[in-house]
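So the structure is just underneath, and the comments pick up after that.
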Amino acid sequence: MRFVLRRLGFFVVTLWAAISLNFLIPRLMPGNPALAMMASFRGRVTGQALKALEIAFGVNTHASLVSEYFQYFGDVFTGHFGLSITFFPQTVSHEVIQALPWTLGLVGVTTVLAFVLGTLIGLVAGWRRGGKLDSVLPPVFVVTSAFPYFWVGLVAVYVFALKLGWFPVSGGYATNDQIAFTWHFIGDVLRHSILPACTLLVTAIGGWILTMRNTVITVLAEDYVRMARAKGLRPWTVMWGYAGRNAILPNLTGFAMSLGFVVSGAILVEYVFNYPGVGWMLLQSVENEDYGLMQALFLLITVAVLLAILLSDVLTALLDPRTRELR
Amino acid sequence: MTTLTSMTVAGGATGAPSPQRRRGGKFWRAVRHNRKATAGVILLLFFLVLAIFPGQIAPYSGTAEIFQPGLGPSGAHWFGTTAYGQDVLSQLIWGTRQSLIIAFAVGALATCIAVIVGVSAAYLRGAWDGVLSLVTDVLLVIPVFPLIIVIAAYLKSAGTVMMIIVLGALGWSYGARQLRSQALSLRDRDFLEAARVRGERRGYAIVMEILPTMTSLIVASFLGTAVYAVLTAAALQFVGLGNPNMQSWGTMLYWAENNEALGAGMPLWALMPGVCVALLGAALALLNYAFDEISNPALRPVRVRAQRARRLAPRPGNPGRDQREGPPLPTPAPPSGRPPGAADEDGPRGRPLLSVRQLSVAYATDSGLVRAVDGVDLDLVPGEFLAIVGESGCGKSTLLFALARLLNPPATITGGTIDFKGHNMVDMTEKRLRYVRWQEYSVVMQSAMNALNPVMTVAQQMADVCRAHTEMTSAEIEQRSREVLRLVSIDPVHLNSYPHQLSGGMRQRAMIAMALLFRPDLVIMDEPTSALDVVAQRSLMVQVKELQKQLGFAVIFVTHDMSLVSHFADRLMVMYAGEVAELGPTVDLFAKPLHPYARGLIEAFPSIRGPKVVLSGITGYPPDLVSPPSGCRFHPRCAWAMPECSVEQPGLYRRGSTTVRCLLYKDASYEGLGRKEELNRPSRPATAEAPAPVGGAGTAGTHRPAADNGAGAPLVQTSSLTRHFRIGGLLTGHTLHAVEDVELVIGRKEIVALVGESGSGKSTVARLLAKVYPPTAGQILFEGVPVGQLRRRGSVLAYRSQVPMVFQDPFSSMNPVFRAGHGVLRAMKLHRRELDKNGRHAEAVRVMEAVGLVPAEMMLAKYPYEMSGGQRQRVGFAQALALRPKLIIADEPVSMLDVSIRVGLLNLMTKLREEEGVSFLYITHDIASARYVADRVLVMYAGRIVEQGPTEQVLADPRHPYTKLLLRAAPDPRAPLDLSEAADAGEPPKVVDPKPGCAFAPRCPVAVEQCHHVTPALGEVAPLQLAACHVAQMEAASLVGQRASEQAPPEAPAPIASPGGGQQAATRPLP
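Protein chains in written order, with our numbering: chain A, 487 to 813; chain B, 182 to 1252.
So, in structure tokens, the structure goes:
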């Protein structure tokens, strides 16, 4: 389990780096935008919100940078991010927790789905190399994976919501709905999620198909696949147990490495569809100069990505005996 | 993302990026042939034109609000107008520039950072590497886009420059990671070490040697980052984080979104900028992907080629007919009327198990159709051991895989029949074939490391094949698996091991066990021993032979090492250029080879016994199978070639139970090859001289005393040379004792051989002498001067020029992007300053000729991929020679070459010693070749020298049990087979944190109690012969004692004299 422990160490280091960045960015920016912003807010928000801002930016405190730094870490780990300006007087943590399920539901599910589907299609395409699937898919997906997520979203909105009217234009649920666990509400949520989910799926799946196809082709040239054929195994067994089992390992690493890209796409898709998730909230907070909320969201996204990476590392360790005993 | 990881570095003969001069032409041709690349280039050019001449192309200004707002598409406004009355098309055109600037600037910036970080991390290693790769990885997993949003939020409306800086500073990590791993793999390639040994500065090595070989990856990184930059910049502007007054596609999207353009009847305002972003991104992505395909041939579309192969070589329905194009063969007329090659003439051995007729295999390449196997006939009776031998590229493995129906596309069977136990193997469907596979015949592959599935345990891999063919229960499967493992003497506890947990020999044996699961009638083996050390090789062969006796299966065994199978094969089949050259009983073939090629192969092996003869090998190389020579395919290399050989295709002729494809035997009275000098052939090159007993001075292997030139100090002398490596993590580290206490003396004009199995530390000794790294302890004296004390660059360079090195792997010791002359000229530029450009060139020609690369001018201008392995290795010697060295360190210079070529290089070493007065340290695992060239031999085991002395003396009378083991394992066709030797399954240990005691003791048949506790030092066991063995020394001492007692009163058991310098008492505890 040394491998997983090592990855855990990496996780901690990265988390530390992200929190430090979060701490440093506002303090390093030229012309101290924080002060300017505080001035413009002075009439609009109450003392408590101001206090939150002050903590976030480290203004009006006389503590040293170092002690502020430790103070900040303490706040982060106890979830004290102050109050939100956008959703005043709610606390930042409260708002973030509100947005989280939406994103997890939409982005989490579609990302995993895109990875699983893409890997499967890629496996089949690589296995039947030169077949129909293989001659059509790669060129198509080379192009689609270059499409900007938000643009695909815009087209989807235009065609399926505005022109055809099949799906709602935006939002996570109809505005006149009560948030409750009723069949009606759940159906509504699903209906709202179809377009953004498809957008994410269409744009994300191409990459997985292509990488998997290419690794499968490389793996198929390996001796152990030839050996599996020589053994007279069922083609199914060869494809899964030999080609697939081995080809998925680099793909899994690739998955961990490109989660950052996936997140960026998700943020934009949420923005296009006004989907009440973390990404949408992030851009809202930017628009409203709600820096406290913004930074908390950034941290949340980082942690989520890191957790997903850790998970895929564990999966890699389970699938690949060689990683389990690294040196 | 495309898989940058799968990109190949200019490596072997295939798939190497073509070098500079030709690269341009070849590259563009590749681009034109690649549809993805063509599309990408056209798109990119289109946008480039738009970006450079927007004023000329755009119908209107992009900013002027002069039209009616919200117009739909029309002739005047193709894409309509904006809500502010601007022309959408004009805005698009004006916006191109900004996107392209961002794409290229970010691509360039990020790639620069990636190259610097990646390459320096890989090259500096150690702590620097740790820090740099940690930073890279952290940046890689932190979600960059939200981070950019946060930064942009603070910066407020970022301008182009700011955006480039932020995107560039955050976007290099992926490229850096790729470049680092690429550079790491390059580090291990010998051409970098060659540059180091040559005395190049570090900076030169990075800039001139590493970067050019990474071009493809750098381009890929650039294109990848450019795509990312275009998309991210557009996204940032779209969500309002850019400067809203800028003319760009992203800003257009921003305004369109703000004005709800989609719903307000101006859809093109919102959609077209996205189309542009997508097209530009797609153009770059297509280029990237196409580049990947061009540099990694494995990914190229395959269907076209397979079809072409089939079209070019139509598959016939009628079996047994010769499918060769051109005039029909003179009918191979076996005198008996039976099919040629049939074994059944020898007696009633029964119906053949396998019967092959006129089998042909071909595959299409860019340069044409390769007929890898051409009209092969073959019969195999049950229980027979047939070996197929030949140089690489002669179609041995292809034939084997065709028999097993395991050819990978594009190779296909293009003609002939295979009858195996009544199955028509050629036309059988994969589905039906499945039931024949493994139950009736099984396959053992070359490298078990690659042939066993790395993610499954041995048990799982045995179980899946059992389940595929039988209804066995889990318990039955386990029992059977245990049984077969015991058959090959592996402890069944290893059932639950993964392949990487087993040693090389064990893996290979496990694979053989797997092949025997169903007791098949035929086991097909493709060089199963070539990845193993001599000792393991021998024991595996013995094991196979015993199993065969016991279980009665037939074996087809492919190998390039003829002497290996000499004792094991019933019959030998010599293949040349896809055809059977000779097929007959092994004993006959070795005793009296009929085909000149077979004879050449046999004569290419130096022997470890008997009189020494100068060998000649075979001149030239196997032909290109796209257009093989006319007539007899061997005639260009043949010493017996007659005029008609280049015209007439030889048939198969019979002599006794042997068939041979050579026109000499067309005349039924011709009975066999005479001595070569009987041929009246003045045109033959001097290398094809008659084998003659070694006589006077100046011929191979002349025994001479060490350091006999009376010049005082020997050329090189080491004392207690020791090198340890730290392995493992910081806390859990161990020390690998790669070289321990080595005392080595090399005299002037002396060839010293250092012999040992892999991992014995012999290459480390070479690298210590070449000053690749310093010793942990001990010192090297070169002409009496301590090498470790050389500090000034000048004196280090001077040392390097006198002690150059030739590397093992001819495919990695030359930088693929430079011509052959590069290393030779660089070496002179560094070390022979007195030469001007013309002088250097003249000298380069001289050394190329000295190593036999003629015409020298032409060879100097060749690229590595245009040369064969043997030629590359000669370039290595030429580079060394250009320095006017005193000692050349040759690290396994022939081990990766075909046997036919090896002898030529060995002869070159003796020639250079005579003509140039160079000494050699010849490092090898092949004890026979050491005997062929070396004056003295040193045997290494586990980091120590265990025996040394004059070559002839040591080989004739080895004293150390390890030397004895090595000699027994060395294949020798001239010695009778001795199967009674117990198979030694041991392997040399890795000396990690050693305890006192002889490292060989666990494997040693004669070890005594002392051996396990006390490390033996080298001691004299015979005049001039030293061995580090308690037993041998005691025997020697008792001999001396006996002799002494005849003259003088007996003494106490004497402490062993150790004149070689190993004075430290044997009881000295180890550090």
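Using N, Cα and C, we set each Cβ at its ideal position, and we do this for glycine too.
Asked	Found
Helix, strand or coil at His915(B) according to DSSP, with G and I counted as helix	strand
Interface positions of the stretch 430-448 of chain B facing chain A (Cβ-Cβ less than 7 Å), listed along the chain	Leu443, Gly444 and Pro448
Per-residue contacts from Val458(B) into chain A (C-beta, under 7 Å)	Pro634 and Trp637
Coil, strand or helix - Ala524(B) by DSSP	Per-residue confidence for Ala524(B) stands at a pLDDT of 41, beneath the threshold of 50, marking its modelled position as unreliable; the derived number appears in the next sentence. Note: Ala524(B) maps to coil in three-state DSSP.
Within-8 Å CB hit, Thr500(A) to chain B	yes
Proximity winner among Glu938(B), Glu931(B), Leu949(B) and Tyr241(B), relative to Phe906(B) (alpha-carbon distances)	Leu949(B)
Coil, strand or helix - Phe759(A) by DSSP	coil
DSSP three-state assignment for Asp707(B), whether helix, strand or coil	strand
Residues of its chain near Tyr544(B), where Cβ-Cβ distance is below 6 Å and the 5 sequence neighbours each way are ignored	Ala490, Val551, Pro591 and Ala592
Alpha carbon of Arg1149(B) to alpha carbon of Asp608(B), nearest angstrom	46 Å
Run of the beta strand (DSSP E) containing Gly765(B), from where it starts to where it stops	Glu760 to Pro766
Sequence-distant residues of its chain with Cβ nearer than 8 Å to Leu703(B) (five each side left out)	Leu534, Leu535, Leu561, Phe601, Glu621, Tyr622, Ser623, Phe734, Ala735, Val736 and Ile737
Contacts that Ser750(A) makes with chain B (C-beta to C-beta distance below 8 Å)	Pro324, Val325, Phe326, Pro327, Thr413 and Ala416
Burial state of His675(B) (16 or more Cβ within 10 Å)	buried
Which listed residue (Gly352(B), Ile391(B), Arg216(B) and Trp430(B)) has its alpha carbon closest to that of Val269(B)	Trp430(B)
Helix, strand or coil at Asn890(B) [DSSP, three-state]	Any answer about Asn890(B) is weak, because its pLDDT of 45 lies below 50 and its placement is not dependable; what the coordinates show is given next. Asn890(B) falls in the coil class under three-state DSSP.
Inter-stretch contact at 8 Å, needing at least 3 Cβ pairs: the stretch 953-971 of chain B / the stretch 359-368 of chain B	no
Neighbourhood of Val537(B) by C-beta distance below 8 Å, restricted to the same chain and skipping five residues each side	Val557, Asp558, Leu559, Asp560, Leu584, Gly597, Thr598, Ile599 and Asp600
Per-residue DSSP class, three states only, for Arg134(B)	In the structure displayed, chain B extends from 182 to 1252; residue 134(B) sits before or after that span and is not available.
Cut-off 6 Å between Cβ atoms - residues of its own chain near Ala951(B), not counting five sequence neighbours on either side	Val378, Met986 and Ile1070
Cross-chain neighbours of Arg493(A) in chain B, by beta carbon under 8 Å	The contacting residues do not exist; Arg493(A) stays about 10 Å from chain B at best.
Helix, strand or coil at Val485(B) [DSSP, three-state]	The predicted model places Val485(B) with a pLDDT of 43, which falls under 50 and marks its position as unreliable, so this point remains unresolved.
C-beta neighbour in chain B for Gly730(A), strict 8 Å	no
Under 8 Å between C-beta atoms of Val748(A) and Ala463(B)	no
Three-state secondary structure assigned by DSSP to Val736(B)	strand
Straight-line Cα distance separating Gly1200(B) from Gly1130(B)	11 Å
Spatially closest choice to Val724(A) from Ser900(B), Ala1059(B), Leu633(B) and His816(B), by CA coordinates	Leu633(B)
Sequence-distant residues of the same chain with beta carbon closer than 8 Å to Leu786(A), five excluded per side	Val582, Leu586 and Val764
C-beta neighbour in chain B for Thr788(A), strict 8 Å	yes
Beta carbon of Ala1123(B) nearer than 8 Å to that of Ala1151(B)	no
Buried or exposed (CB count within 10 angstroms, at least 16 for buried), Glu756(A)	buried
Below-8 Å beta-carbon distance, Arg618(B) vs any chain A residue	yes
8 Å Cβ cutoff, Lys618(A) in contact with chain B	no
Limits of the unbroken beta strand (DSSP E) element including Gln576(A)	Where Gln576(A) is concerned, there is no enclosing beta strand (DSSP E), given that its DSSP letter is neither H nor E.
Leu806(B) vs Ala758(B) beta-carbon contact at 8 Å	yes
Members of the stretch 658-692 of chain B that neighbour chain A once the beta carbon cut-off is set at 7 Å	Tyr679 and His681
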